[in-house]
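J.:
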Amino acid sequence: MYGNFVLTIKSDFHRIFVSGKIYFLEKGIGAVKLGYMEKITIIGSGCAGLTAAIYTARAGLNPLVLTGMMPGGLLTTTGIVENFPGFPVGIDGFELVNRMQQQAERFGARIKMGVVESVNLAKTPFSIIVEGEEINSQSIIIASGASHKRLGLESEKLLEKKGVTYCATCDGALPIFRNQPLVVVGGGDSACEEALFLTRFGSVVYLVHRRDKLRASKIMAERVLSNSKIKPIWNSVVVDILDVTKDKVTGVKIKNVKTESISVVDCAGVFVAIGHVPNTSLFAGQIELNDAGYIVQKNGTMTSVPGVFAAGDCCDYRYRQAITAAGQGCSAAIDAERYLSEL
Ligand code: NAP
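When we follow the working numbering, the leftmost residue of the sequence shown carries the number 135, and every step to the right adds one.
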C-alpha cells in the first residue's frame, strides 16, 4: 500500500523511519514510491506461527500474523491434546491454539484473517499478496503447516462432505454418522485418535490399515486395540468409496494387499487419516523444497532465501508434534530477530 505524498530523495538510503514505523523507497521509471513495510510477517497461525508471534511480539517487532485458510491450523481439529507439557489432564486443541493467540495479541501481535495468494521472495522488501492486498515485509516466517493427505480416488473427491471427511472432531457428531458403521483409514496416531473419538457416535468403527501393525504410538495403539467398538481390518486398502450414484457414502470397497481379494464394508462415513502434505506450493520455485515438498531448513530455521525463515509442519517431516512446532516457532522468531537487528 503506497502513500500519496511526494518525497525527494537526496541520499541512497532506501529505508526510512516515520513515527516509529519503517517505510521503504522504491525507484520506478521517473518516480519514487513510498511504501509501508512490516518488520516481520508470519504466514500461518498454528502452533508454530503463534509461538513465533509471541516471541517476536515480546521482542517489540509488532508482528503481523496471516491466518491462512484454517485459522489455528490442524491442531484446532484435534480433540484432547494429552502430550503438550503443562496440561496434566490434557487440553482441547482449539482451546490451546486460542490461548496462544491471546498470548500473542497481549504483546502486540496483529492477526489478519486471509489466505495468501502469492509471494515474491526475489527481492526485499518481500511482497505478500493477501486477498488482493499487497503487504511488504522485511522478513517472513513461514509457518503454513500441512493439510490432510487424500487417498486420491475419484469417488473420494465426489463424496467429500457427503460422508467422506478428514476430521472426526469436526464432523463425527453429524446425524448421518450416528449409530452407523463408520470406516477410518490409516494406522498412525491420527487414525487411532479419529477411531477412538468416533466410538462415541458410530455403531462400530472399522479401522482399515494397509499393514498388520499400527504406526501409532504405543499408548494410542493399545487404546484402539482394546476398544471393543473398533474392528481393525489389516493389510487392506480402500480402492473405491460407494456410492457415487446415490450421492452419499454407503460403503467402501477394500482390497486385501496380501490375497488381492476384494470385499465391501457397509458404512455411512469414511474418515481418511493417512497423514499430511506440507502447505508449500506457494513457495515452489522461490525457496528450496525437498522432494516431498517440505521447506529445507538451513542453520536452524533459515531457508534458502535470507530473511525468510520456516517453522513447524511445513518443514518438519520427522517429529510433527504440537510441541515441536511451537519450539520451531520460537527458534524462527529468535533467528528473525537476529537477522533484523543485523540489517
Ligand atoms: P502418520 O504417522 O504419517 O501415519 C499415516 C498412516 O497412514 C500410516 O499408518 C500409513 O501407513 C498410512 N498411509 C499413508 N498413506 C496411505 C495411503 N495412501 N493409503 C493408505 N494408508 C496410508 O500420520 P498421522 O497419523 O497423521 O500423524 C502425523 C504426526 O502427528 C505423527 O508424528 C503423530 O505422532 C502426530 N500425531 C500425534 C497425535 C497425538 O500424540 N495425540 C495425534 C495425531 C497425530 P504405514 O504405517 O504403512 O506407513
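Quick reminder that beta carbons are idealized off the backbone N, C-alpha and C, glycines included.
When the Cα of residue 318 is compared with those of 329, 312, 362, 235, which residue comes out closest?
T.: Residue mapping note: residue 318 aligns to position 184 of the sequence shown, counting from 1. Considering only alpha carbons, the answer is 329.
J.: Which of the three DSSP states is assigned to residue 374 in this structure?
T.: Within the sequence shown, residue 374 is the residue found at index 240, counting from 1. Correct three-state label for residue 374: strand.
J.: Out of 195, 457, 251, 273, which has the shortest C-alpha to C-alpha gap to residue 258?
T.: On the sequence shown, position 124 is the one that residue 258 refers to. Nearest C-alpha to residue 258: 273.
J.: May I have the straight-line CA-CA distance separating residue 341 from residue 395, to the nearest angstrom?
T.: Numbered from its first residue, the sequence shown carries residue 341 at position 207. Numbered from its first residue, the sequence shown carries residue 395 at position 261. When rounded, the distance between both Cα atoms is 18 Å.
J.: Tell me which residues share the same chain as residue 327 and place their Cβ nearer than 8 Å to its Cβ, disregarding the 5 neighbours each side in the sequence.
T.: In the sequence shown, residue 327 corresponds to position 193, counting from 1. Counting only Cβ-Cβ distances below 8 Å, and skipping sequence neighbours, we find 212, 213, 302, 354, 407.
J.: What number of angstroms, rounded off, separates the C-alpha of residue 468 from the C-alpha of residue 325?
T.: The count along the sequence shown starts at 1 and reaches residue 468 at position 334. The count along the sequence shown starts at 1 and reaches residue 325 at position 191. The alpha-carbon separation between residue 468 and residue 325 amounts to approximately 35 Å.
J.: What residue does the alpha helix (DSSP H) around residue 242 start on, and which one ends it?
T.: Within the sequence shown, the letter at position 108 stands for residue 242. Per DSSP, residue 242 belongs to no alpha helix (DSSP H) and is neither H nor E.
J.: Can you find the residues in the same chain that come closer than 6 Å, C-beta to C-beta, to residue 178, ignoring five residues on each side of it along the sequence?
T.: Along the sequence shown, one-based indexing puts residue 178 at 44. So the list reads 202, 277, 278, 279, once near-sequence residues are dropped.
J.: Could you check if residue 455 belongs to the surroundings of ligand 1, using beta carbon to heavy atom distance under 7 Å?
T.: Along the sequence shown, one-based indexing puts residue 455 at 321. Yes, Cβ of residue 455 sits closer than 7 Å to a heavy atom of ligand 1.
J.: Beta carbon of residue 458, beta carbon of residue 444: below 8 Å?
T.: Counted from its first residue, the sequence shown places residue 458 at position 324. Counted from its first residue, the sequence shown places residue 444 at position 310. Cβ distance not < 8 Å, so residue 458 and residue 444 don't count as in contact.
J.: Below 8 Å on the Cβ atoms is my guess for residue 216 versus residue 227; work out the distance and round it to an integer in Å.
T.: Start at 1 with the first residue of the sequence shown, and residue 216 comes out as number 82. Start at 1 with the first residue of the sequence shown, and residue 227 comes out as number 93. Not really, about 11 Å apart at Cβ, beyond 8 Å.
J.: Going residue by residue through the segment 347–374, where are the continuous beta strand (DSSP E) segments of at least 3 residues, counting only ones entirely within it?
T.: 364–367
J.: Are the segment 245–259 and the segment 368–381 touching, with three or more C-beta to C-beta distances below 8 Å?
T.: no
J.: Comparing C-alpha positions only, which one of 463, 300, 333, 321 sits nearest to residue 314?
T.: Position 180 of the sequence shown, counting from 1, holds the residue named residue 314. Taking only the C-alpha atoms, the option nearest residue 314 is 333.
J.: Could you check whether residue 321 and residue 345 sit closer than 8 Å to each other, using their CB atoms as the reference points?
T.: Within the sequence shown, residue 345 is the residue found at index 211, counting from 1. Within the sequence shown, residue 321 is the residue found at index 187, counting from 1. Contact flag set, yes.
J.: Using the C-alpha atoms, what's the distance from residue 453 back to residue 316?
T.: In the sequence shown, counting from the first residue as 1, residue 316 sits at position 182. In the sequence shown, counting from the first residue as 1, residue 453 sits at position 319. Distance between the alpha carbons of residue 316 and residue 453 is about 29 Å.
J.: For a quick check, are the C-beta atoms of residue 275 and residue 470 less than 8 Å apart?
T.: Your numbering for residue 275 matches position 141 in the sequence shown. Your numbering for residue 470 matches position 336 in the sequence shown. Yes, the Cβ-Cβ distance between residue 275 and residue 470 is below 8 Å.
J.: What would DSSP say about residue 290, mapped onto helix, strand or coil?
T.: Residue numbering aside, residue 290 sits at position 156 when the sequence shown is read from its first letter. Helix at residue 290.
J.: Are there any heavy atoms of ligand 1 lying less than 7 Å away from the beta-carbon of residue 283, as far as the coordinates show?
T.: As a first step, residue 283 must be located in the sequence shown, where it is residue number 149. Yes - ligand 1 has a heavy atom lying nearer than 7 Å to the Cβ of residue 283.
J.: What is the rounded straight-line gap between the Cα of residue 194 and the Cα of residue 239?
T.: Reading the sequence shown from its first residue, position 60 is the one you call residue 194. Reading the sequence shown from its first residue, position 105 is the one you call residue 239. Those two C-alpha atoms are separated by around 12 Å.
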